[in-house]
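Q: Please find one structure pasted underneath; my questions will follow.
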Amino acid sequence: MSTHVNEVTQRQSDGGVAQARGRTAETAMRAPADVYEDQEGLTLVADMPGVSRERLDVRVDGDKLLLEGSVQFELPEQAEAVYADVRSTLYRRSFVLSRELDSAQIKATLKDGVLTVRIPKRAELRPRKIQVKGS
Numbered sequence: 001m002s003t004h005v006n007e008v009t010q011r012q013s014d015g016g017v018a019q020a021r022g023r024t025a026e027t028a029m030r031a032p033a034d035v036y037e038d039q040e041g042l043t044l045v046a047d048m049p050g051v052s053r054e055r056l057d058v059r060v061d062g063d064k065l066l067l068e069g070s071v072q073f074e075l076p077e078q079a080e081a082v083y084a085d086v087r088s089t090l091y092r093r094s095f096v097l098s099r100e101l102d103s104a105q106i107k108a109t110l111k112d113g114v115l116t117v118r119i120p121k122r123a124e125l126r127p128r129k130i131q132v133k134g135s
C-alpha cells in the first residue's frame, strides 16, 4: 500500500448538501477515484460525469490536492420544471500528498467525464541507472 497520498475525508453534518461559491445549494458528491503508483509517480483517476473543464478546479494548497467540479443543468428558456430529479451536482475530493511527490509538476486532463491527474515523484527520489565508465 502506498503512503504517498492519503485521502482527506470530510463529513458534513448537513447530509451532503453544500453551499458552493454563492450558488444555490448543490448536492456534494464524493467523486469515485483510483490511485495507481509506478516508479515515476502516481496517477489519480476520478469519475466526474457531466463536468466540463470550465467547471473544474484542480489545485494544490500546501500538501493537499483538491478536486472540485460542478454540473449545472439549465432549463430551456421559457420552461418551468414540473418534476425534477436531476439537479446541480458538486463533486469534491481532497488528498494529502507526501513530500516525496513533486506538486509543482502535477498535470491534469479531463476526457469524457474522467479526470486524470499525474503526480510525479521528485526527480532525486526516482530510480535511475548509473552509467559506469571504463578506466
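Everything in the sequence shown is counted per the numbering used here, starting at 1 for the first residue and increasing by one.
The beta-carbon is built from N, C-alpha and C at its ideal position, and this holds for glycine as well.
What residues in its chain sit with their C-beta under 6 Å from that of glutamine 72, if we drop five residues either side in the sequence?
A: As a working note, residue 72 is residue 72 in the sequence shown. Here the set comprises Ser88.
Q: Do you know whose CA, among Arg30, Glu74, Pro76, lies nearest leucine 67's CA?
A: Taking the first residue of the sequence shown as 1, we reach residue 67 at position 67. If we check each option's Cα against that of leucine 67, Arg30 comes out closest.
Q: Could you check where the beta strand (DSSP E) with leucine 79 kicks off and where it finishes?
A: Working through the sequence shown from its first residue, we reach residue 79 at position 79. A quick correction: the sequence has alanine, not leucine, at residue 79. From DSSP, alanine 79 is part of no beta strand (DSSP E); its letter is neither H nor E.
Q: Less than 9 Å between the beta carbons of aspartate 57 and glycine 69, yes or no?
A: Within the sequence shown, residue 57 is the residue found at index 57, counting from 1. Within the sequence shown, residue 69 is the residue found at index 69, counting from 1. Yes, the Cβ-Cβ distance between aspartate 57 and glycine 69 is below 9 Å.
Q: By the DSSP assignment, the beta strand (DSSP E) with isoleucine 106 in it spans what residues?
A: Position 106 of the sequence shown, counted from the start, is the residue given in the question as residue 106. It is not in any beta strand (DSSP E) - isoleucine 106 carries neither H nor E in the DSSP assignment.
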